[in-house]
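Trainee:
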Amino acid sequence: MFSWIRVISLTGFGEASVIRHLTQVKASAASRRILMLYSLLLAILSVWGATTTVRASTLFKGCNDGHITVGLDIGHSQFDPSATSATGITEFTLNKRFAHELSVMAAHRARDVNAPRLFIHNPLGPQISLRERPTRIQERGGEALISLHHDSVKERHLDSYTINGRRHHYTPKIRGFSIFVSRSNPHFSESFKLARLIGRSLLSAGRRPTDHHAEDIPGERRELLDTEFGVYEAPFAVLIAARIPAVLIELGVIVNRTEERELSSTEVRARTQTAILEALTSYCAGKPVQ
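The sequence shown begins at 153 in the numbering used here and counts up by one.
1) Quick one: using the 10 Å Cβ neighbour count with 16 as the cut-off for buried, is R348 buried or exposed?
2) Between which two residues does the beta strand (DSSP E) carrying V383 extend?
3) According to the Cβ coordinates, are H301 and E402 closer than 8 Å?
4) Using the Cβ count rule (16 or more neighbours within 10 Å means buried), how would you classify T323?
5) Going by Cα to Cα distance, which pick from S312, F344, H260 and S417 is closest to G240?
6) In the DSSP output, which residue or residues are listed as bridge partners for V399?
7) Check whether the Cβ atoms of L276 and S255 lie closer than 8 Å to each other.
8) Let me check understanding here. Comparing Cα to Cα, which of S237, S417 and S299 lies closest to R319?
9) Taking a contact to mean a Cβ-Cβ separation below 8 Å, would you say D303 touches S330 in this structure?
10) Give a yes or no on whether the C-beta atoms belonging to I396 and A296 are separated by under 8 Å.
11) Please classify V265 as buried or exposed, where buried requires at least 16 neighbouring CB atoms within 10 angstroms.
12) Could I get the ranges of all uninterrupted alpha helix (DSSP H) runs contained in the stretch 326-392, with 4 residues as the minimum, in chain order?
13) Over what stretch of residues does the alpha helix (DSSP H) that includes H260 continue unbroken?
14) Looking at the strands, I want to know which residues DSSP matches up with V405.
15) Could you tell me the boundaries of the beta strand (DSSP E) in which R269 lies?
16) Distance check for F344 and N246, CA to CA, integer angstroms please.
17) Go to T424, then tell me how far its alpha helix (DSSP H) extends in each direction, as first and last residue.
18) Check whether the stretch 418-435 touches the stretch 355-367, counting contact only when three or more Cβ pairs, one atom from each stretch, lie closer than 8 Å.
19) For T287, list the residues DSSP reports as bridge partners.
20) Give the secondary structure of T239 by DSSP, where H, G and I count as helix, E and B as strand, and everything else as coil.
21) Using 8 Å for Cβ pairs, my map puts V305 next to H364. What's the rounded Cβ distance?
22) Quick one: using the 10 Å Cβ neighbour count with 16 as the cut-off for buried, is Q425 buried or exposed?
23) Starting from L224, trace the beta strand (DSSP E) in both directions and tell me its first and last residue.
24) From V222 to G294, what does the alpha carbon distance come to, in whole angstroms?
25) Can you tell me whether T362 is buried or exposed? The criterion is at least 16 other CB atoms within 10 Å of its CB, across all chains shown.
26) Tell me the DSSP secondary structure of V441 in three-state form.
27) Are the beta-carbon atoms of A251 and L224 separated by less than 8 Å?
28) Alpha carbon to alpha carbon, what distance is there between R352 and V383?
29) Of the choices Q230, A398 and I315, whose alpha-carbon is the least far from that of S341?
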């Protein structure tokens, strides 16, 4: 805050002592004018500050210009492709395809009101530690993080079949998307809001969540925070290391042959990508999750 009294106080007198001096001592006309100007300035700044506070509180963190910049994280890497689908495609291959398509769709909508701005921090899939990924996104101005994945199931739920002489694993029953957040993220409440908005949007697009990560078996037992929208809590490193709102999306169970076939459809992926972008737009528009 700038004022002549603050300037005077820099000479060694505190603001309080300056005001006391001007009011208690027979002040000159110039001193009285300074005091009046100072009081007026305080009143103006007070009103302006209150207005600014109200305006800022109406928008979510990271949406102060009406848009949010989101860093996309392609789950895993070309050196660690993770799960394999029912037909033998690696999860990383599917994660990469989806992320690039989502990024292109977002670019085409960049001029829309509250449209999110997306970038991929690891487009070629190099080996990057889970804790380093959020740092890279934040260094590029990311205000939120979305880590994109495709899901699998525990071995007890897998059957097998042979095609072209090769054995593949699949599950006939478990399918659906799931979204993860972490309570250890400093912006857990914002992450949870974003996750629920994404889950609601995916549901509206005809996708359905899975509850198998809450199953009472080793490797699962995730806390299901929102059954309707498929949101779980999990201590995933990429979510914990982020200093910004962060969610991890499992886009579908690729060891389910039906769901893998659906996700291989350009139309289904486009609906899913549109749903994610609409959720991000709703996030910055301040729309509540209903």
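Beta carbons: idealized from backbone N, C-alpha and C, even for Gly.
Mentor: Answer, in terms of the structure:
1) buried
2) V383 to E385
3) yes
4) buried
5) S312
6) I298
7) no
8) S237
9) yes
10) yes
11) exposed
12) 340-356 and 389-392
13) E243 to H260
14) D303
15) R269 to I272
16) What sits at residue 246 in the sequence shown is Leu, not Asn. Roughly 25 Å between the two C-alpha positions.
17) T418 to A437
18) yes
19) Partner(s): none; T287 has no beta bridge.
20) coil
21) 6 Å
22) buried
23) T221 to I226
24) 5 Å
25) buried
26) coil
27) yes
28) 10 Å
29) A398
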